[in-house]
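Q:
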Amino acid sequence: MSGIGYLSPALVILGVFLFYPLLKTGYLSAFITDVRGRAVRLAGWENYLDVLTSSTFLPSLRLTFLFALMTVPSTIVIALLLAVMTNRRLRGITLFRTTYASTMAVSAAAAAVMFRALFHPSAGAFNTILGMLGLPEVGWLTDPSLALISVALTTVWMSLGFNFLVLLGGLQSIPDELYEAAMIDGAGSWRRLVHVTVPLLSPVLLFVGIVLVIDSFQSFGQIDILTQGGPAGSTNLIVYEIYQNAFTRNEVGFASAQAVVLFLIVLVLTALQFKISERKVHYQ
Amino acid sequence: MKPVMGRRSRVLTYAVLVALALMTAFPVLYALSVSLMSQADFNAGAFLPSRPEPANYARAMESFPLLKYLANSVIMSLLVTVALLVTSSTAAFAFTFVAFRGRGIFFGLIIATMMIPWEATIIVNFQTVRDLDWLNTFAGLSVPSFATAFGIFLLRQSFLTLPQDLYDAARIDGCPRRRFFVTMVIPLSRPMLATLAVYGFLTTWNKYLWPLLVTSDDRVRTVQIGLKMMQGEEMTAWPVVMAAVVMAIVPTLVVLLFGVRSLQRGLMSGALKG
Chain A
1 MSGIGYLSPA LVILGVFLFY PLLKTGYLSA FITDVRGRAV RLAGWENYLD
51 VLTSSTFLPS LRLTFLFALM TVPSTIVIAL LLAVMTNRRL RGITLFRTTY
101 ASTMAVSAAA AAVMFRALFH PSAGAFNTIL GMLGLPEVGW LTDPSLALIS
151 VALTTVWMSL GFNFLVLLGG LQSIPDELYE AAMIDGAGSW RRLVHVTVPL
201 LSPVLLFVGI VLVIDSFQSF GQIDILTQGG PAGSTNLIVY EIYQNAFTRN
251 EVGFASAQAV VLFLIVLVLT ALQFKISERK VHYQ
Chain B
285 MKPVMGRRSR VLTYAVLVAL ALMTAFPVLY ALSVSLMSQA DFNAGAFLPS
335 RPEPANYARA MESFPLLKYL ANSVIMSLLV TVALLVTSST AAFAFTFVAF
385 RGRGIFFGLI IATMMIPWEA TIIVNFQTVR DLDWLNTFAG LSVPSFATAF
435 GIFLLRQSFL TLPQDLYDAA RIDGCPRRRF FVTMVIPLSR PMLATLAVYG
485 FLTTWNKYLW PLLVTSDDRV RTVQIGLKMM QGEEMTAWPV VMAAVVMAIV
535 PTLVVLLFGV RSLQRGLMSG ALKG
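Just so you know, the sequences run in chain order A and B. Counting from 1, one number per residue, gives the positions in the first sequence under the working numbering. Counting from 285, one number per residue, gives the positions in the second sequence under the working numbering.
1) Listing by chain order, which chain A residues have their CB less than 8 Å from the CB of threonine 297 of chain B?
2) What residue range does the beta strand (DSSP E) around arginine 41 of chain A cover?
3) Could you tell me if arginine 62 of chain A is buried or exposed, where buried requires 16 or more neighbouring beta carbons within 10 angstroms of its beta carbon?
4) Measuring only the C-alpha atoms, how far is glutamine 258 of chain A from tyrosine 48 of chain A?
5) Does DSSP classify phenylalanine 31 of chain A as helix, strand or coil?
6) Helix or strand or just coil, what does DSSP make of methionine 411 of chain B?
7) Counting only Cβ-Cβ distances shorter than 9 Å, please list the residues of the segment 95–116 of chain A near chain B, keeping chain order.
8) Can you tell me whether proline 297 of chain A is helix, strand or coil according to DSSP?
9) Where does lysine 288 of chain A sit, in a helix, a strand or coil, going by DSSP?
10) By the criterion of Cβ-Cβ separation under 7 Å, what are the contact partners of serine 263 of chain A in chain B?
11) Quick check for students: name the residue ranges of the alpha helix (DSSP H) that lie wholly in the segment 474–521 of chain B, counting only runs of 4 or more.
12) For chain B, is any of its Cβ atoms less than 8 Å away from the one on methionine 70 of chain A?
13) Taking the alpha carbon of leucine 178 of chain A as the reference point, which residue from A/Ser159, A/Pro121, A/Pro199, A/Ala10 has its own alpha carbon closest?
14) Which chain A residues are close to asparagine 490 of chain B, counting only those with a beta carbon under 7 Å from its beta carbon?
15) With a threshold of 8 Å between beta carbons, is valine 266 of chain A in contact with chain B?
16) Just curious, the alpha helix (DSSP H) that proline 428 of chain B is in, first and last residue?
17) What residue does the alpha helix (DSSP H) around glutamine 222 of chain A start on, and which one ends it?
18) Going residue by residue through the segment 142–186 of chain A, where are the continuous alpha helix (DSSP H) segments of at least 4 residues, counting only ones entirely within it?
19) Are the C-beta atoms of glutamine 228 of chain A and some chain B residue less than 8 Å apart?
20) Would you identify the three-state DSSP class for asparagine 327 of chain B, choosing helix, strand or coil?
21) Give the C-beta separation of valine 413 of chain B and leucine 419 of chain B to the nearest angstrom, bearing in mind that I take them to be a contact with Cβ-Cβ under 8 Å.
22) What residues from chain B crowd round leucine 165 of chain A, counting only those whose CB sits closer than 8 Å?
23) Drop a sphere of 10 angstroms on the beta-carbon of glycine 458 of chain B, count the other beta-carbons inside from all chains shown, and report buried for 16 or more, exposed for fewer.
24) Can you find a CB in chain A that lies within less than 8 Å of the CB of serine 361 of chain B?
25) Could you have a look at asparagine 340 of chain B and say whether DSSP puts it in helix, strand or coil?
26) Give me the chain B residues within the contact set of leucine 118 of chain A, using Cβ-Cβ distance strictly less than 7 Å, ordered along the chain.
27) Suppose the cutoff is 7 Å on Cβ atoms and the five residues either side in sequence are ignored; what does the same chain contact list for threonine 397 of chain B look like?
28) Assign phenylalanine 304 of chain A to one of three DSSP states: helix, strand, or coil.
29) Output the distance between the C-alpha atoms of alanine 112 of chain A and methionine 158 of chain A, rounded to the nearest integer angstrom.
30) Which of the three DSSP states, helix, strand or coil, is assigned to proline 349 of chain B?
31) By the criterion of Cβ-Cβ separation under 7 Å, what are the contact partners of lysine 24 of chain A in chain B?
32) So, with DSSP's three-state summary, where would you put tryptophan 190 of chain A?
33) Give the residues of chain A in contact with alanine 423 of chain B, contact being defined as C-beta atoms less than 7 Å apart.
34) CA-CA distance, phenylalanine 465 of chain B and phenylalanine 377 of chain B?
35) Excluding the 5 residues preceding and the 5 following threonine 52 of chain A in the sequence, name in chain order all residues of the same chain whose CB lies nearer than 8 Å to its CB.
Following this line, the structure appears as structure tokens:
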């Protein structure tokens, strides 16, 4: 069999379900579409103008950036803490590592349902704990100023496992001699973290950071189950907005224009990630 | 070598590790606990059931076709995992052991697909699957995920570590390329194939948006969508729903338990040393 022969199964799938839809989405974004999502009238830039002036898209984009800001740094800090704590030789450490990694086995849907119970206004664990501390109950998912934070909390928990594993791998590749040298110089554990671990881990931290930003731009399942974009649009992140326009409002051309914008944002982020990992290879 | 820890600092370390483990596992432990509660326990804001009620699991299976949903998830995940192993290994083989015109361009093209977010393609993919009459079929659920650049990349990294001499020697001995692929490359790359299998199974089992779009029928609906279906009404029977959640996460927790090492190795060589 020839090279193309070996390549063709992957090529056909990626062509039909990634390249073709991307081009077709670009095409549809220039048209007004019918209910079945077929192009009926050339619209030029009309959909894009509508997107930019719509009452929902720019707020949705702003919320998505805010959401990334809420989730990405906190996930990195907590995952790094877990990784630093388990990067040592101790009896039973595998058990702790597996526990910390376990959140990656929990799907967005299952995590969201669990957190819906935790957020339950009268009976959920979070309000019960607040009550025990003598604090007032809060409307985790019903208060528009709090709902995005609640969705972010769920998302941080979901992402911990995977990012913990990646960071732990990064830590394990730092040679022990560097820590020994730092220790001989009298550096305490905090100074070792700041002056040895973080600088040597920086390529991995950047990788993790960008993957997390891309992930936060693709969040959907937890929103669909926790808030459906509400209350008052306060958790209407970009993929949820696209989904609503394409599949509930049947405005396929308009939704396609939004999908193109999402593609461009992710494109820039991914390009950035490639540049960084390229630099890492030279640096090693 | 790390310094030998004193007794006190070791106790402290374990205390922190346990506290972090409890915090990380809290949502799952709470779900497990609620799944064994009576509705009254839950309504009262309890953390632990006053009397364990395993009947919630039976109730979850009676009121929803949960076993069917789970079976559907298994079928979809296995289909995608097997297909990913095939498409990724053949493509990676082409990129490592077969010289052909345009190899570099094709490799660039495949790497470029990493920049396309799946969510940006759902509108047209939905139309494609609808026009193929694949809505509410396992084909519609799984075929679009049958190849990923990540899988190809991961296996290429692994195949590159096999010595080229091996290939040259096999060719001189008159071993056809296909036999070399099946009898040498595949067995020698078992660890990385396992990594890809674990990764493929986990991500497919946990898929949400795509199954939501292409299924509207219990015959093919996956467990993730089943979880969504179980709520929604005004009164959610939380203990029953949590029993379903527990059943939905057990398969992936088991896969993770056995696959965590292999996953970690793959993440390091595939994702980071790229």
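No residue lacks a Cβ here, since even glycine has one placed at the ideal position from N, Cα and C.
A: According to the structure data:
1) The sequence position of residue 297 of chain B within the second sequence is 13, counting from 1. The answer, in chain order, is Met85, Arg88, Leu90.
2) Taking the first sequence and counting its residues from 1, one reaches residue 41 of chain A at position 41. Residues 39–42.
3) Within the first sequence, numbered from 1, the residue matching residue 62 of chain A stands at position 62. With fewer than 16 Cβ atoms within 10 Å of its Cβ, arginine 62 of chain A is classed as exposed.
4) Residue numbering aside, residue 258 of chain A sits at position 258 when the first sequence is read from its first letter. Residue numbering aside, residue 48 of chain A sits at position 48 when the first sequence is read from its first letter. Going by the C-alpha atoms only, they are around 8 Å apart.
5) The count along the first sequence starts at 1 and reaches residue 31 of chain A at position 31. If DSSP states are grouped into helix, strand and coil, phenylalanine 31 of chain A belongs with the strands.
6) Taking the first residue of the second sequence as 1, we reach residue 411 of chain B at position 127. One detail in the question is off: residue 411 of chain B reads as glutamine in this sequence, not methionine. Helix at glutamine 411 of chain B.
7) Leu95, Phe96, Arg97, Thr98, Thr99, Tyr100, Ala101, Ser102, Thr103, Met104, Ala105, Val106, Ser107, Ala108, Ala109, Ala110, Ala111, Ala112, Val113, Met114, Phe115, Arg116
8) Look at the range of chain A in this structure, 1 to 284, and you will see that residue 297 of chain A is not part of it.
9) Because residue 288 of chain A is not part of the residues shown, which for chain A are 1 to 284, the question remains open.
10) Taking the first sequence and counting its residues from 1, one reaches residue 263 of chain A at position 263. Just to set this straight, residue 263 of chain A is phenylalanine in the shown sequence, not serine. The contacting residues are Ile400, Pro401, Ala404.
11) 474–489, 493–498, 507–514
12) The residue you call residue 70 of chain A lines up with position 70 of the first sequence. It does not; no Cβ of chain B falls within 8 Å.
13) Position 178 of the first sequence, counted from the first residue, corresponds to residue 178 of chain A. The option with the nearest alpha carbon to leucine 178 of chain A is A/Pro199.
14) What you label residue 490 of chain B is simply residue 206 of the second sequence in a count that begins at 1. Here the neighbours are Ser107, Ala108.
15) As a working note, residue 266 of chain A is residue 266 in the first sequence. Chain B, which has a Cβ nearer than 8 Å to the Cβ of valine 266 of chain A, makes this yes.
16) The residue you call residue 428 of chain B lines up with position 144 of the second sequence. Looking at the DSSP string, proline 428 of chain B is not in any alpha helix (DSSP H), and its letter there is neither H nor E.
17) As a position in the first sequence, residue 222 of chain A is number 222, starting the count at 1. Segment 221–226, the alpha helix (DSSP H) holding glutamine 222 of chain A.
18) 147–172, 176–184
19) Translated into positions along the first sequence, residue 228 of chain A becomes position 228. False, the Cβ-Cβ gap to chain B never drops below 8 Å.
20) Against the second sequence, residue 327 of chain B aligns to sequence position 43. If DSSP states are grouped into helix, strand and coil, asparagine 327 of chain B belongs with the helices.
21) Position 129 of the second sequence, counting from 1, holds the residue named residue 413 of chain B. Position 135 of the second sequence, counting from 1, holds the residue named residue 419 of chain B. That belief holds up - the Cβ atoms of valine 413 of chain B and leucine 419 of chain B are roughly 6 Å apart, short of 8 Å.
22) The count along the first sequence starts at 1 and reaches residue 165 of chain A at position 165. In chain order: Val544, Leu547, Gln548, Leu551.
23) By 1-based counting over the second sequence, the position of residue 458 of chain B is 174. Exposed: under 16 other Cβ atoms inside 10 Å.
24) Within the second sequence, residue 361 of chain B is the residue found at index 77, counting from 1. No, its Cβ sits nowhere closer than 8 Å to a Cβ of chain A.
25) Taking the second sequence and counting its residues from 1, one reaches residue 340 of chain B at position 56. Looking at asparagine 340 of chain B - three-state DSSP - the assignment turns out to be helix.
26) Taking the first residue of the first sequence as position 1, residue 118 of chain A is located at position 118. Those are Pro311, Tyr314, listed as they occur along chain B.
27) Position 113 of the second sequence, counting from 1, holds the residue named residue 397 of chain B. Only Ala433 meet the Cβ criterion.
28) No information on residue 304 of chain A is available, as it lies outside the stretch 1 to 284 that chain A covers here.
29) In the first sequence, residue 112 of chain A corresponds to position 112, counting from 1. In the first sequence, residue 158 of chain A corresponds to position 158, counting from 1. Distance between the alpha carbons of alanine 112 of chain A and methionine 158 of chain A: 9 Å.
30) Taking the second sequence and counting its residues from 1, one reaches residue 349 of chain B at position 65. It is coil, neither helix nor strand.
31) In the first sequence, the residue the question calls residue 24 of chain A occupies position 24. Ordered by position in chain B, the residues that pass the 7 Å Cβ test against lysine 24 of chain A are Val408.
32) Here the question's residue 190 of chain A lines up with position 190 in the first sequence. The answer is helix: DSSP assigns tryptophan 190 of chain A an H, G or I state.
33) Taking the first residue of the second sequence as 1, we reach residue 423 of chain B at position 139. Correct list: empty, because the minimum Cβ distance to chain A is about 12 Å.
34) Looking up residue 465 of chain B in the second sequence gives position 181. Looking up residue 377 of chain B in the second sequence gives position 93. C-alpha separation (whole angstroms): 7 Å.
35) For this step, residue 52 of chain A is matched to residue 52 along the first sequence. Checking the sequence shown, residue 52 of chain A turns out to be leucine, not threonine. For leucine 52 of chain A, where only same-chain residues beyond five positions count, the Cβ hits under 8 Å are Leu58.
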